[in-house]
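Some notes on the structure that comes next.
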Amino acid sequence: METTDRQEKQLRVLSQWLLSADDGIDAYTDGAMERAIKHATSDCMRKIGDYLEEILNMDDEQLNRN
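Just so we're aligned, residue 13 is where the sequence shown starts under the numbering used here, counting upward by one.
Spelled out as structure tokens, the structure:
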């Protein structure tokens with residue numbers, strides 16, 4: 013299964029969006045639970061972005077091992 017250059021570029025854009033996700037926390041209006049949920053969501057998005065970047069940077073040998 014080959015990825016086209018366009019698909020790779022699209023995945024890299026998605027990865028960058030995930031890595032730079034803003035948690036949108038408002039210290040004045042968000043309650044403790046809202047802040048916790050927003051932090052967890054942001055952390056999850058960044059982890060997915062990290063994983064995606066790692067996968068995109070793998071060479072063929074690494075990809076075939078997994």
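Where is the CB? At the ideal position from N, CA and C, for every residue including glycine.
Query: Touching by the beta-carbon criterion (3+ pairs, under 8 Å), the region 40 to 53 and the region 62 to 74; Result: no
Query: Status (buried if at least 16 other CB within 10 Å, exposed otherwise) for Ser-27; Result: buried
Query: Status (buried if at least 16 other CB within 10 Å, exposed otherwise) for Val-30; Result: Sequence check: residue 30 is Leu here, not Val. Buried, because 16 or more other Cβ atoms sit within 10 Å of the Cβ of Leu-30.
Query: Neighbourhood of Gly-61 by C-beta, 7 Å cutoff - its chain only, sequence neighbours within 5 removed; Result: Ser-27, Leu-30 and Leu-31
Query: Residue range of the alpha helix (DSSP H) that includes Asp-35; Result: Where Asp-35 is concerned, there is no enclosing alpha helix (DSSP H), given that its DSSP letter is neither H nor E.
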